[in-house]
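S.K.: Residues in the sequence shown are numbered consecutively from 0, following numbering that gives the first Met the number 0. Where a beta carbon is used, it is the ideal one built from N, C-alpha and C, also for glycine. Structure incoming, see below.
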Amino acid sequence: MKIFIYLSLFFSVSLLNAQSVNVTLMVDMQNETVSSDVYVAGSFNGWSPNIMSDVDGDQVYEVTLNLSANSGHEYKFINGSTWENNLSGSCANNFGGGPNRWLSVGTINQVEPAYQFGSCNILVFYGCTDSLANNFNPNATNDDGSC
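Right, dumping it as structure tokens:
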């Protein structure tokens with residue numbers, strides 16, 4: 000009986016540790032000249048760049064990654080072949096190869112703010128903030144009256 004209890008506990012803990020969540024990272028490139036493609040690289044992908052896309056043409060590039068729950072990662076955005084440098088502020092850390100951006104992954108899917116390339120400033124999105132409207136923009140932070 001004890002072996003059964005120990006094995007059940009082991010598998011339950013293993014399943015909890017194996018949980019992953021979707022994390023959307025965004026970077027605001029409105030004040031940048033985009034040099035071909037925009038990427039993100041970090042400890043979550045062995046610093047091998049993942050391409051980001053700007054599907055809606057608003058100069059905010061994004062990518063959704065599937066990451067381990069309850070984890071933390073360093074990362075940077077890349078414009079063509081130019082990596083972000085000299086980050087400082089609330090989004091940066093100074094350990095490891097820093098200063099890099101820091102990402103804390105929780106237990107539910109999350110969307111990170113759209114930071115401006117090379118800074119910790121956050122883009123303000125204007126759009127429809129009414130979740131019941133047909134033109135609702137989940138990225139909007141300020142209502143523009145278009146709902």
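1. Is F116 helix, strand or coil by DSSP?
2. Just verifying my parser: in three-state terms, what is the DSSP assignment at S52?
3. DSSP three-state call for S19: helix, strand or coil?
4. Rounded to whole angstroms, what is the Cα-Cα separation between D57 and V26?
5. Would you give the residue range spanned by the beta strand (DSSP E) that T106 belongs to?
6. On the three-pair Cβ rule with 8 Å, is the stretch 57–71 touching the stretch 98–115?
7. For P137, count neighbouring C-beta atoms within 10 Å of its own C-beta (all shown protein chains included) and say buried if the count is 16 or more, exposed if not.
8. Rounded to whole angstroms, what's the CA-CA distance from V33 to S52? Just pull it up for me.
9. What does the Cβ neighbour count give for A132, buried or exposed, with the cut at 16 atoms within 10 Å?
M.R.: Well, looking at it:
1. DSSP, reduced to helix, strand and coil, places F116 outside both helices and strands of the structure shown, so it counts as coil.
2. DSSP places S52 within a strand segment (E or B) once states are collapsed to three.
3. strand
4. As the crow flies, the alpha-carbon of D57 is around 11 Å from that of V26.
5. Unbroken run through T106: none, as it is neither H nor E.
6. yes
7. exposed
8. 12 Å
9. Flag for A132 reads exposed.
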